[in-house]
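Novice: Before we start, here is the structure in question, set down as structure tokens.
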Amino acid sequence: MEPVPMIEARKVLKIALTTEPNHPDALHYLIHAYDVAQSNISKEAIDYVSTYQQLVNTLSYPQHLLSHICMRTGSLLLAKSSDERSIQVSLTLCLIKMMGRIVSNISSTELELVSAQFNTTDQVSLFLDCDADNRAYATKWLSYSRLQTGDWFGILSLINDLYIAYNQSLPPSTHHLLFAY
781 MEPVPMIEAR KVLKIALTTE PNHPDALHYL IHAYDVAQSN ISKEAIDYVS
831 TYQQLVNTLS YPQHLLSHIC MRTGSLLLAK SSDERSIQVS LTLCLIKMMG
881 RIVSNISSTE LELVSAQFNT TDQVSLFLDC DADNRAYATK WLSYSRLQTG
931 DWFGILSLIN DLYIAYNQSL PPSTHHLLFA Y
């Protein structure tokens, strides 16, 4: 049986969206309210996720949020690409922040290739700490979808990223990355 608070939350948030259909917080929490074990209910969130991702397409966490619904509905490949996109957005935004200029979107989630653009260990440490919590969260979900889809090289890539993050900077915010495995 579905939790009553989730049903009530969806009703309230849908009312809010009738007056402000592009309200990012209402969309965010509505998507979470659809993140329930019944896949037929979770599927109803897909349009809201699409609107939300387009609205805040330059932020890493919203790109990940689709994987909540995809995992519930069994769309593991879509969940995987959602988390890969989230990590790519995070790395791109952090590169822009660190380098002070526009960079093209990162085409890889591999930290080794990205961190090679910095000259000092201090720069690498600051880069790794940038958006680390959102990136770690997406990495955790990505590791699950890669395991479930048999993407063994992708798993090895994530383990390599953890090794690099741990050995190059050791910021406290990356320690929970180890729990993804």
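Quick note on this note's numbering: the sequence shown kicks off at 781 and runs consecutively. Glycine included, each C-beta is placed from N, C-alpha and C at the ideal position. Predicted model only: the values in this text are computed from it and were never measured.
For glycine 880, which three-state DSSP category applies?
Specialist: Note: glycine 880 maps to coil in three-state DSSP.
Novice: Mapping the DSSP letters down to three states, classify valine 829 as helix, strand or coil.
Specialist: Note: valine 829 maps to helix in three-state DSSP.
Novice: Using beta-carbon positions only, say whether tryptophan 921 and aspartate 863 come within less than 7 Å of one another.
Specialist: A contact, by the Cβ cut-off of 7 Å.
Novice: Pull up the distance between the alpha-carbon of aspartate 911 and that of serine 840, whole angstroms please.
Specialist: Cα to Cα, the separation comes out at about 8 Å.
Novice: Measuring alpha carbon to alpha carbon, tell me which residue in Ser895, Ile795, Asn914 and Asp815 is nearest glutamate 782.
Specialist: The shortest C-alpha separation from glutamate 782 is found at Asp815.
Novice: For isoleucine 849 versus serine 819, is the C-beta distance shorter than 7 Å?
Specialist: No, the pair does not count as a contact, with Cβ atoms beyond the cut-off.
Novice: Would you decide whether aspartate 902 is buried or exposed? Buried here means 16 or more other CB atoms lie within 10 Å of its CB.
Specialist: When all chains shown are included, aspartate 902 counts as exposed.
Novice: Using three-state DSSP, classify serine 855 as helix, strand or coil.
Specialist: Note: serine 855 maps to coil in three-state DSSP.
Novice: What is the DSSP secondary structure of threonine 737, reduced to helix, strand or coil?
Specialist: Residue 737 is absent from the structure shown; the chain starts at 781 and stops at 961.
Novice: Taking contact to mean at least 3 C-beta pairs separated by less than 8 Å, is the segment 927-944 in contact with the segment 872-879?
Specialist: Contact fails: fewer than three Cβ-Cβ distances are below 8 Å.
Novice: If you reduce the DSSP assignment to three classes, tell me which class aspartate 931 lands in.
Specialist: Here aspartate 931 sits in coil by DSSP.
Novice: How is glutamine 966 classed by DSSP in three states: helix, strand or coil?
Specialist: With the chain covering 781 to 961 only, the question about residue 966 has no answer from this structure.
Novice: Should leucine 793 go down as buried or exposed, given a rule of 16 or more other Cβ atoms within 10 Å for buried?
Specialist: Buried: at least 16 other Cβ atoms inside 10 Å.
Novice: When we look at the beta-carbon of alanine 817 and count the other beta-carbons within 10 Å, is it buried (16 or more) or exposed?
Specialist: With fewer than 16 other Cβ atoms within 10 Å, it is exposed.
Novice: Hey, out of His803, Ala813, Pro801 and Ala806, whose CA is closest to valine 784's CA?
Specialist: Checking every option, the nearest Cα to that of valine 784 belongs to Ala813.
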